[in-house]
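Last residue of the sequence shown: 567 (my numbering), numbering continuous. See structure below.
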Amino acid sequence: MSTADKANQVQQPAHVPDALVYAFDYNTDPEYCRDPHARAADLVERAPPIFWTPYNGGHWMFQSHAAVAEALRDYGTFSSEHFAPEAFNAMMAELPEEERIPAPVPICIDPPLHAKLRQPLFSTFSPKAVAAMETKIRALAERLIDAIAQQGHCEFQQAVADVYPVEIFLAMFGLPIEKEREYRDLAKSHLKSITPDLSENMMMMQSIAAVMRETIIARRDDRRDDLISLLWGLEIEGEPMALDLMLSYCVILFIAGLDTVVNALGFGVRHLASDPELQKTLRARPDLIPKATEELLRRYAFVAPIRILKRDTVFSGVQLKEGERVMMFLPGASVDASVYPDPLRFDLERTNQPHMAFGSGPHFCLGMHLARLELRVMYETLLRKLPEFRLDPDQAPAFHGSIIAGPTSIHLVWGAGAKRPAAAASRQQAAPAADTVPVPAAASATFSAAPSAAPAATAGAVNAGPPASIEGVWTVTIYGPTGPQETTLELALVNGALGGTQAALGQVEKVDEIAYDSRTGKVSWVNKISKPLPLKLKFDGVVEGGSMNGKIKASIMGSFPFTAVRH
1 MSTADKANQV QQPAHVPDAL VYAFDYNTDP EYCRDPHARA ADLVERAPPI
51 FWTPYNGGHW MFQSHAAVAE ALRDYGTFSS EHFAPEAFNA MMAELPEEER
101 IPAPVPICID PPLHAKLRQP LFSTFSPKAV AAMETKIRAL AERLIDAIAQ
151 QGHCEFQQAV ADVYPVEIFL AMFGLPIEKE REYRDLAKSH LKSITPDLSE
201 NMMMMQSIAA VMRETIIARR DDRRDDLISL LWGLEIEGEP MALDLMLSYC
251 VILFIAGLDT VVNALGFGVR HLASDPELQK TLRARPDLIP KATEELLRRY
301 AFVAPIRILK RDTVFSGVQL KEGERVMMFL PGASVDASVY PDPLRFDLER
351 TNQPHMAFGS GPHFCLGMHL ARLELRVMYE TLLRKLPEFR LDPDQAPAFH
401 GSIIAGPTSI HLVWGAGAKR PAAAASRQQA APAADTVPVP AAASATFSAA
451 PSAAPAATAG AVNAGPPASI EGVWTVTIYG PTGPQETTLE LALVNGALGG
501 TQAALGQVEK VDEIAYDSRT GKVSWVNKIS KPLPLKLKFD GVVEGGSMNG
551 KIKASIMGSF PFTAVRH
């Protein structure tokens, strides 16, 4: 294991037994980035059903179907609230209206408030309401496939999957067609973010809200036959809809719709392109396509939501502590052999069809009926309008990891396109290189052939102890609820006292209240930031050799682990 790799790990907590430690980094694990579902199957085979990993600030992973299903239902213990809604709203109220960040509701809210915020949307996404959209969705699917049919080849994500849900969203919300390019660019930025952190997510939400704001405000007084107008007509607990909540609803619906359809389509089409016999069967029996859609969703679940422990508990015989994070690893739960016999096999005759691709418990996917319709219609259109399509043998599919795993490129060929000249194939192969996810060299040590022992907390020599000074440049990695964020900490002696700056997201802020004890290695400092939220961040950690780890307290955002390595 490299020095850099050790620095990305945190120390094993005392209550975590060695037998439940397994080194897996959902952001950079090379096998997970190469093929998320092959690696998920490997994890189910090699790692415990519940295990703790030292990466990404240290967190638990539940991968058995039973554990994931139970935890997703138990919101009182496994919470979706990464911050207090009341405190977040109070903070936003102090900011100018145009600088406010939409709250991620109802996704990051627990019942009973969660139910109150979700309930008004049920009728909009009911099976009956969704069925009424099929004609328009089918027309869009046919237009997209007609545009590529004569080419004989395409990069499916860029040509179809990335465009499809964005255009459906624009139509549903009644957004101006002249802003289609802006929404596509926002969608691309969101989908290409391989290692999203909370700050980046908030800034992305702010960008989406800024593009929507003008239309949303206009619809408040000029109602039309679209979803924005419908939302303005809702009342929440007897109160009329407020602008801040409208922006939150619209932004979350946009992001959620993208993630589900874009990734599910990519994984599903990759499978179809790898299985000519399945294509033949579905062309002959299109009535089986709905069943195939469900089995593809089951086999290629790609979301791994994070929950926060609200209290100490013993779960399935494992001791868990308040404040710890738990990843609900749906890609693993979806191939649990105790629930799905021969789980890695795609089986059109599978009788145990229910799956967790859309989650479970109070946070099950609100738009699942719409997603099912979009997927089914696109599969029907592909199989009807294209001859047998295959994966391009010269351009392998590329994927990314993270909390939402997904394809970055799926190159398909069919008909004459499968026989295009080698020079043309070479030129096309070079073009999408930027979409291919690089696997960091340091990440090669993240794959363990067996459950690992407790990781070392230091990046320097073993038992190096606290250094005499902490001056220098440090890369500090904060592990928020959605992933890591790197910052640069520069410390120096100024007039005999430690001073310095911390930089992230284009901001450079002075750090205050720096304290370091070279006898114990204890270190602390304060960083006040203005973006994406005005927050006071308090860092408390321990330095050993050339690395440190500890906790950051971020006001209403809660407490998160951090690690750092000195350059």
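Quick reminder that beta carbons are idealized off the backbone N, C-alpha and C, glycines included.
Residue j beta carbon less than 9 Å from that of residue i
i: residue 261; j: residue 131; result: no
i: residue 375; j: residue 265; result: yes
i: residue 276; j: residue 390; result: yes
i: residue 220; j: residue 226; result: no
i: residue 24; j: residue 43; result: yes
i: residue 137; j: residue 168; result: yes
i: residue 182; j: residue 211; result: yes
i: residue 209; j: residue 247; result: yes
i: residue 380; j: residue 141; result: yes
i: residue 485; j: residue 475; result: no
i: residue 365; j: residue 256; result: yes
i: residue 40; j: residue 32; result: yes
i: residue 174; j: residue 560; result: no
i: residue 331; j: residue 37; result: yes
i: residue 372; j: residue 290; result: yes
i: residue 535; j: residue 514; result: no
Whole-angstrom C-beta distance between residue j and residue i, which should lie under 8 Å
i: residue 327; j: residue 60; result: 7 Å
i: residue 543; j: residue 521; result: 4 Å
i: residue 407; j: residue 270; result: 7 Å
i: residue 402; j: residue 22; result: Wrong, their Cβ atoms sit about 19 Å apart, outside the cutoff.
i: residue 55; j: residue 9; result: 6 Å
Coil, strand or helix - residue i by DSSP
i: residue 500; result: strand
i: residue 33; result: helix
i: residue 519; result: coil
i: residue 153; result: strand
i: residue 431; result: Here the model assigns residue 431 a pLDDT of 37, short of 50, so the residue's position is not dependable, and the following value carries that caveat. Of the three classes helix, strand and coil, the one that applies to residue 431 here is helix, per DSSP.
i: residue 473; result: strand
i: residue 295; result: helix
i: residue 11; result: coil
i: residue 211; result: helix
i: residue 538; result: strand
i: residue 158; result: helix
i: residue 148; result: helix
i: residue 408; result: strand
i: residue 56; result: coil
i: residue 105; result: coil
i: residue 116; result: helix
i: residue 265; result: helix
i: residue 452; result: Note that residue 452 scores 37 on pLDDT, short of 50, meaning its location in the model is unreliable; the coordinates nonetheless yield the value given after this. In the structure shown, residue 452 sits in coil (DSSP, three-state: anything other than H, G, I, E or B).
i: residue 300; result: coil
i: residue 484; result: strand
i: residue 325; result: strand
i: residue 479; result: strand
i: residue 398; result: strand
i: residue 273; result: helix
i: residue 125; result: coil
Per-residue burial, residue i [other beta carbons within 10 Å of its own, 16 or more giving buried]
i: residue 519; result: exposed
i: residue 507; result: exposed
i: residue 298; result: buried
i: residue 134; result: exposed
i: residue 567; result: exposed
i: residue 409; result: buried
i: residue 469; result: exposed
Extent of the continuous alpha helix (DSSP H) run through residue i
i: residue 332; result: 330-333
i: residue 319; result: Run containing residue 319: none in the alpha helix (DSSP H); it sits in the beta strand (DSSP E), 318-320.
i: residue 284; result: 276-284
i: residue 68; result: 65-73
i: residue 172; result: 164-173
Boundaries (first-last residue) of the beta strand (DSSP E) holding residue i
i: residue 566; result: 559-566
i: residue 310; result: No beta strand (DSSP E) contains residue 310, which DSSP labels as neither H nor E.
i: residue 551; result: 547-553
i: residue 391; result: 389-391
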